[in-house]
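Mapping of the sequence shown onto this note's numbering: residues 2 to 202, in sequence order. Here a beta-carbon is modelled for each residue, glycine too, at the ideal position from N, C-alpha and C. Just so we're clear, the structure is a prediction, and the values are computed from it rather than from any experiment.
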Amino acid sequence: VIRVDRADLSKNVLRGFSAFDTFLEQHPEFHEKVTFIAHLQPSRLDVPEYAEYMERIEALVAVVNHRHGTTDWMPIDLRIYENFPDAVARYKNYDLLVVNSLFDGMNLVAKEGPAVNTRDGVVMLSENTGAHEELGESALSVNPFDIQEQADTIHRALTMEPEERKLRAERIKEIIAERDPGDWVDEQIADIDVKQAALSR
């Protein structure tokens with residue numbers, strides 16, 4: 002399981018880790034079999050709210066690792082740095098990519114990951130992201146505020162039959178190949194133009 006994000010409040014990192022904690026609590030058979038690797042880029046640490054958020058992330062990781070970890074296994078592997086080659090390497094090998102933003106634009110991680118993944122990895126995707134408009138039918142959609150739903154989705158992804166994983170991964174790759182981020186931007190601008198025209202009547 003991986004995520005690649007800025008340590009930004011909108012990215013919903015805390016609920017993602019809480020969902021993983023709940024998943025491990027409810028499915029102890031996965032202990033020592035799955036690791037959540039989180040690549041987080043520090044964001045606006047000069048702003049008190051962001052610095053505090055980073056501290057809360059680190060504290061929650063410590064709690065989850067203490068609760069479920071063993072001498073040979075830590076459930077969450079938190080990596081706070083910007084190392085794009087390392088992140089891309091992780092994209093290639095994930096079984097589940099977590100994108101559970103509270104609210105987001107296109108969120109390129111939801112496209113970058115599947116584009117290079119070689120394991121038919123599943124995408125858990127917040128319904129409040131722009132990428133959901135394109136990928137929602139092939140990803141596993143979640144309400145970013147619902148921790149239990151996200152925990153259930155982690156379990157669903159990790160127990161999904163290979164045939165379904167393959168079909169979903171192939172469809173996402175097809176969508177990515179058909180559309181680029183510029184298409185999405187053009188659609189947003191067109192939508193704004195329509196709404197402005199309606200308001201000016």
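- The residue from 157, 84, 72 with its alpha-carbon nearest to that of residue 43 is 84.
- Residue 79 carries a strand assignment under DSSP once its states are collapsed to helix, strand and coil.
- Excluding five sequence positions before and after residue 106, the CB atoms of its chain that fall closer than 8 Å to its own CB belong to 130, 131, given in chain order.
- By the neighbour-count criterion, in which a residue is buried when 16 or more other Cβ atoms sit within 10 angstroms of its Cβ, residue 160 is exposed.
- Nearest to residue 177 by C-alpha distance, out of 101, 20, 134, is 134.
- The C-alpha of residue 62 lies about 24 Å from the C-alpha of residue 108.
- In summary, residue 40 is buried, with 16 or more beta-carbon neighbours lying within 10 Å of its beta-carbon over all protein chains present.
- Sorting 12, 6, 18, 7 by C-alpha distance to the C-alpha of residue 152 places 18 at the top.
- Per DSSP, residue 22 is one residue of the alpha helix (DSSP H) stretching across 14-27.
- The three-state secondary structure of residue 159, taken from DSSP, is helix.
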